[in-house]
Amino acid sequence: MPLTEAREARRRIPAVEVLEPRASDSWTHTRNGDPRGYIDSDRLKELWIHTGTACNLACPFCLEGSHPGDGRIPGMKLSDVKPFIHEALDMGVEQFSFTGGEPFVIRDFVNILDYASQHRPCFVLTNATEPLLKRRHQVLPLLQNPYPIHFRVSLDFPDRARHDKDRGEGSFEQALEGIRWLIDQGFKVSIARQTDPEEIPSKVESAFRGIFRDRGIPEDLAFTAFPDLGTPGSEDGSPEITETCMEKYPTKESRDHFMCTYTRMLVKKGDQVRVYACTLVDDDPQYDLGGTLAESMDERIMLRHHRCFACYRFGASCSAP
0 MPLTEAREAR RRIPAVEVLE PRASDSWTHT RNGDPRGYID SDRLKELWIH TGTACNLACP
60 FCLEGSHPGD GRIPGMKLSD VKPFIHEALD MGVEQFSFTG GEPFVIRDFV NILDYASQHR
120 PCFVLTNATE PLLKRRHQVL PLLQNPYPIH FRVSLDFPDR ARHDKDRGEG SFEQALEGIR
180 WLIDQGFKVS IARQTDPEEI PSKVESAFRG IFRDRGIPED LAFTAFPDLG TPGSEDGSPE
240 ITETCMEKYP TKESRDHFMC TYTRMLVKKG DQVRVYACTL VDDDPQYDLG GTLAESMDER
300 IMLRHHRCFA CYRFGASCSA P
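Quick look at the structure:
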């Protein structure tokens, strides 16, 4: 086995070890036996709704492992989410947010977005390619709803060839078309991009702005940069977060940047909707916090998932900038 393949094999943990605890106390303690760091939630500010893992693209780096026809997480329906929308409203939720897969692949998504934006501002993660472009006639009327909709579009690199290498030929140009159409109609748009370890962020974003300028797209779009978060079931060797590590965040205000403090995510499992801690941990059933939002808020969130370290180190947030 080549050295690079051997290293990759060591990085991955078998799927059975993701679905079952590595040890009887692995939820509360690290592999070394240290008490894990944790977050106690105190409010529901943002409710994420996972629309399903089906996508029109098959990006090899996708943290959800999404691809056309994927059914790891089934598609959400309006009837699935309505009760949770109203429970969230009763709890004082401020925003509804949506991720996938690609939300616009899901048949009922525009109906869900229409209903949600009748009640609170909405935030949608999308690749803004063919599924969105085909449904422009359905999306446009949503501008008349009481609350605004913000779209964050994935545009990995300011380099068409590099972007299309993983996302597919033509996806860069389609995404720019989608961005321009959304902005021209009056929707708010921001950009999700990938990071390189040695990058200079200002230079990367300047390159993006040059592309936007050439395409008639406003240059002041906000960026959110994400590290490689790994595919479902992967293990990247990140350090485990202990209670001692959390001494860096001793106050309520300093812990508030962890998404699990103020967010929950709805995930469909079979024909049931379950509440998970955040957008990054749906590949670990230990983060299933129950069947209602209210009961999920009583659960202590242990920072066990390797993606928790991205929040710890970078302050990464899937929320709007």
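Counted the way numbering that gives the first Met the number 0 counts, the sequence shown spans residues 0 to 320. Just so you know, even glycine gets a beta-carbon here, dropped at the ideal spot from N, CA and C. Keep in mind it's a predicted model, so treat the numbers as computed, not measured.
Mind reading off the beta-carbon distance from residue 261 to residue 45? Whole number of angstroms is fine, and I expect it under 8 Å.
Here residue 261 really is in contact with residue 45; their C-beta atoms are around 6 Å apart, less than 8 Å.
Is the beta carbon of residue 75 less than 8 Å from the beta carbon of residue 38?
Not a contact, by the Cβ cut-off of 8 Å.
Can you name the start and end residues of the beta strand (DSSP E) that residue 275 belongs to?
Annotation for residue 275: the continuous beta strand (DSSP E) segment containing it runs 271-275.
Residue nearest to residue 102 in terms of C-alpha spacing, selected from 207, 54, 30, 92
Nearest option by C-alpha distance: 54.
Report the rounded CA-to-CA distance for residue 140 versus residue 202, giving the unit in angstroms.
Distance between the alpha carbons of residue 140 and residue 202: 37 Å.
Could you check which residue in 136, 272, 66 has the C-alpha nearest to that of residue 322?
With the chain running from 0 to 320 in the structure shown, residue 322 is simply not present.
Short of 6 Å in beta carbon distance, which residues of its chain neighbour residue 310, apart from the five on each side in sequence? Order them along the chain.
So the list reads 257, once near-sequence residues are dropped.
Buried or exposed, going by whether 16 or more other CB atoms sit within 10 Å of the CB of residue 161?
Residue 161 is exposed by the Cβ-count criterion.
Could you tell me how far apart the beta carbons of residue 36 and residue 264 are, in whole angstroms, since I believe they sit closer than 8 Å?
Wrong, their Cβ atoms sit about 20 Å apart, outside the cutoff.
Starting from residue 137, follow the alpha helix (DSSP H) in both directions and report where the run begins and ends.
For residue 137, the uninterrupted alpha helix (DSSP H) segment begins and ends at 135-138.
Cβ neighbour criterion (16 or more within 10 Å) applied to residue 267
Classification of residue 267: buried, given that the 10 Å Cβ count is 16 or more.
Is it buried or exposed, residue 31, if we count other Cβ atoms within 10 angstroms and call 16 or more buried?
By the neighbour-count rule (16 or more Cβ atoms within 10 Å), residue 31 is not buried but exposed.
Exposed or buried, residue 214, counting other C-beta atoms within 10 Å across all chains shown (16 or more means buried)?
That one is exposed.
Residue 37 in three-state terms, based on DSSP:
Assignment of residue 37 by DSSP, reduced to helix, strand and coil, places it in the strand class.
From residue 324 to residue 156, what distance separates their C-alpha atoms?
No statement about residue 324 is possible, as the shown extent of the chain runs from 0 to 320 and does not include it.
Taking 8 Å as the limit between beta carbons, can you name the residues of its chain near residue 217, skipping five residues before and five after?
Excluding residues within five positions, the ones whose Cβ falls inside 8 Å are 182, 211.
Is DSSP giving residue 26 helix, strand or coil here?
DSSP places residue 26 outside both helix and strand once states are collapsed to three, so it counts as coil.
Out of 82, 56, 164, 47, point me to the one whose CA is closest to residue 94's CA.
Here the closest residue by C-alpha is 47.
Between the alpha carbons of residue 142 and residue 187, how many angstroms are there, rounded?
Going by C-alpha positions, residue 142 is about 11 Å away from residue 187.
Assigned secondary structure, residue 0 (DSSP; H/G/I helix, E/B strand, else coil):
Note on residue 0: pLDDT 42, under 50, position unreliable in the model; no value is reported.
Out of 317, 285, 280, 294, point me to the one whose CA is closest to residue 305's CA.
It is 280 whose Cα lies nearest to the Cα of residue 305.
To the nearest whole angstrom, what separates the beta carbons of residue 132 and residue 168, a pair I think is in contact under 8 Å?
16 Å between Cβ atoms; not a contact.
Quick check: what's the CA-CA separation for residue 21 versus residue 303?
Because residue 21 sits at a pLDDT of 42, beneath the cut-off of 50, its placement in the model cannot be relied upon, and the following sentence gives the value as read from the coordinates. Straight across, the Cα-Cα distance linking residue 21 with residue 303 is about 11 Å.
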